[in-house]
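A.B. asks:
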Amino acid sequence: MENQQKMKTSGRFVDVITAVLLAVLVALMAALCWLVDVPQNVSYLASSFLQGKLYFVDTLPSLHDTIFYNGVYFWHQGPLPAVFLMPFVAVAQAVGQFFYQGYLQIGLVLLTLILIFLSTKRLGFSKRDAMSLTLGFFGSSAYLGVAIWPQYSQFAHVVTVVLYAALVYEYLTKRRYAVMGFLLGLLYLTRATAALAVLFFIIVCLKTSPAKRKDLTKLLVPLLAAIIVLALYNYGRFRDPFELGYSHPGYTDESLGSQLAAARSYGMFGLAHLPGNLYYAFLSGPLPVFKDGVPPVLAFPYVTANPWGMSIFLTSPYLLLLFWGNYKKWEPQALLITSTVIALPLFLYYGVGFYQFGYRYSLDFFPLLFLLFARIVYDRYRTVPVPLKVLTLFSVVFNVFLFFTIFR
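Under the numbering used here, residues 1478 to 1885 are what the sequence shown spells out, in order.
#1: Give the list of continuous beta strand (DSSP E) stretches no shorter than 3 residues that lie fully inside the stretch 1837–1879.
#2: Select from 1563, 1757, 1715 the residue whose C-alpha is nearest the C-alpha of residue 1782.
#3: Mind reading off the beta-carbon distance from residue 1743 to residue 1827? Whole number of angstroms is fine, and I expect it under 8 angstroms.
#4: Are the beta-carbon atoms belonging to residue 1873 and residue 1616 less than 8 angstroms from one another?
#5: Output the distance between the C-alpha atoms of residue 1549 and residue 1532, rounded to the nearest integer angstrom.
#6: What do you reckon, are the CB atoms on residue 1611 and residue 1499 nearer than 8 angstroms?
#7: Name the DSSP bridge partner or partners of residue 1781?
#8: Quick check on residue 1771: does DSSP put it in helix, strand or coil?
#9: Are residue 1789 and residue 1753 close, meaning C-beta to C-beta below 8 angstroms?
#10: Buried or exposed: where does residue 1714 fall if 16 or more other Cβ atoms within 10 Å of its Cβ makes it buried?
#11: By alpha-carbon positions, which one of 1561, 1511, 1607 ends up nearest to residue 1852?
#12: Does DSSP classify residue 1507 as helix, strand or coil?
#13: State the start and end residues of the unbroken beta strand (DSSP E) segment that holds residue 1546.
#14: Looking at C-beta atoms only, is the number of pairs between the stretch 1765–1784 and the stretch 1641–1656 that lie closer than 8 angstroms three or more?
#15: If you reduce the DSSP assignment to three classes, tell me which class residue 1626 lands in.
#16: How many Å lie between residue 1584 and residue 1751 at the Cα?
#17: Between the alpha carbons of residue 1589 and residue 1624, how many angstroms are there, rounded?
#18: Please give the ranges of any alpha helix (DSSP H) in the stretch 1614–1670, keeping only runs that are unbroken, at least 4 residues long and fully inside the region.
#19: Give the single residue among 1523, 1629, 1662 whose Cα lies nearest to the Cα of residue 1911.
#20: Sort 1813, 1879, 1845, 1825 by Cα distance to residue 1646 and report the nearest one.
#21: Going by alpha carbons, who is nearest to residue 1443 out of 1817, 1680, 1883?
#22: Would you mind giving the Cβ-Cβ distance between residue 1649 and residue 1600, rounded to the nearest angstrom? I have them listed as a contact below 8 angstroms.
#23: Using DSSP with H/G/I as helix, E/B as strand and the rest coil, what is residue 1560?
#24: Thinking residue 1811 and residue 1677 are a contact (beta carbons under 8 angstroms), I'd like their distance in whole angstroms, please.
#25: Looking only at C-alpha atoms, which of 1511, 1514, 1539, 1557 sits nearest to residue 1526?
#26: For the structure I just gave you, are there three or more beta carbon pairs, one from the stretch 1730–1742 and one from the stretch 1559–1566, closer than 8 angstroms?
#27: Enumerate in chain order the residues of its own chain whose CB-to-CB distance from residue 1710 is below 6 angstroms, with the five nearest sequence positions on each side excluded.
#28: List the DSSP bridge partners of residue 1549.
#29: Should residue 1574 go down as buried or exposed, given a rule of 16 or more other Cβ atoms within 10 Å for buried?
#30: Among the candidates 1628, 1485, 1554, 1745, whose CA atom is the shortest distance from the CA of residue 1665?
#31: Distance, Cα to Cα, residue 1535 vs residue 1570?
#32: If you count every other CB in all the chains shown that lies within 10 Å of the CB of residue 1518, and 16 or more means buried, which is it?
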């Protein structure tokens, strides 16, 4: 009886620390997104869209990741993040102000956390357990790096994750196929690889829907519309509906950077890139900091985040539980298969995700793995065990420490 009381007391203490750390992390995110001054290419693109142009009208402070074609510069990513910014940029311009991407990022991250919290509660977890899982999603993953730092080139992943969070919540609640199809279409207009998540929802429809043909149509028509929209966008930019920009000759080595340009010389996609991506996704750890740059004597902070990437099992150690999951049912099988399908083109891509915290490209499938992880935890324990909550706390603190070493 006494031991049970001690366990309850320790559990409550861990929950209090979890709530405090989550609040601190949210405050840190809001402060950095509001105060950090970085190039605002996506906001500039939104301004160009408002003027009816697909290229950058304004002079950019940074030409990194831009594509020079026909005398003007284009952005290399999908249009949706800039579209999201358009109404805010328009209002700011009307009063003579500039709207920074980070302002909207605060709202998108908060919405993501709310949706993750509600989704985990929907799975059957208590509020305290859902809070721990939300903290794990936020701070114990590669999402931390894109969420708390308003980097213009990584804003697409902030948008991707909030769309994913909405998609998972819709799946767990009303499961309206038209809504899920619409969200998948938005994903495609943000990061096309993330939209491969459609495979999971096709399987869901085939396994559970009493009106398979009708619901498949509702699911796929919005995605098809998004494919057409992006093709028109590409044609408007490069006179080629299939040119996303990544392989365009105007995406020069200078725009890309010497290190990534060297990697691209082996091909945009190919088996040559597979070992490196697998290493950074699953094996890579922090880098040692040597005194005077010479081993073996270490100097503070002793280790630093590897900007080329770090293992998802380092940034999200709770994902190791996936190896002990029950995969006899169709849903965990579908989640794992879909995650693998999304990961495959990413692992064959030259880009790796540099400069990043963790393995940033994993965010194209991480929400599916997190749903799988949460299902496994609930099926095994019906709660989040205290040791898992403690692991999450230590992981978040370590990740925040590592994140700030990138900028030392």
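The C-beta atom is built at its ideal place from N, Cα and C for all residues, glycine as well.
Predicted, not measured: the structure shown is a model, and the values here were computed from it.
C.D. replies: Looking at the atomic coordinates:
#1: none
#2: Nearest Cα to residue 1782 within the set 1563, 1757, 1715: 1757.
#3: 7 angstroms
#4: For residue 1873 and residue 1616, yes; Cβs fall inside 8 angstroms.
#5: 7 angstroms
#6: Between residue 1611 and residue 1499, the CB-CB gap stays under 8 angstroms.
#7: 1764
#8: coil
#9: no
#10: buried
#11: 1607
#12: helix
#13: 1543–1546
#14: No, because fewer than three Cβ pairs between the stretch 1765–1784 and the stretch 1641–1656 fall closer than 8 angstroms, the two stretches do not touch.
#15: coil
#16: 36 angstroms
#17: 10 angstroms
#18: 1620–1624, 1632–1649, 1654–1665
#19: Outside the modelled stretch of the chain, which goes from 1478 to 1885, sits residue 1911, for which no answer is possible.
#20: 1845
#21: It is not possible to answer for residue 1443, since the shown part of the chain is limited to 1478 through 1885.
#22: The C-beta distance from residue 1649 to residue 1600 rounds to 7 angstroms, short enough to meet the 8 angstroms contact threshold.
#23: helix
#24: 5 angstroms
#25: 1557
#26: no
#27: 1556
#28: 1546
#29: exposed
#30: Minimum Cα distance to residue 1665 is reached at 1554.
#31: 13 angstroms
#32: buried
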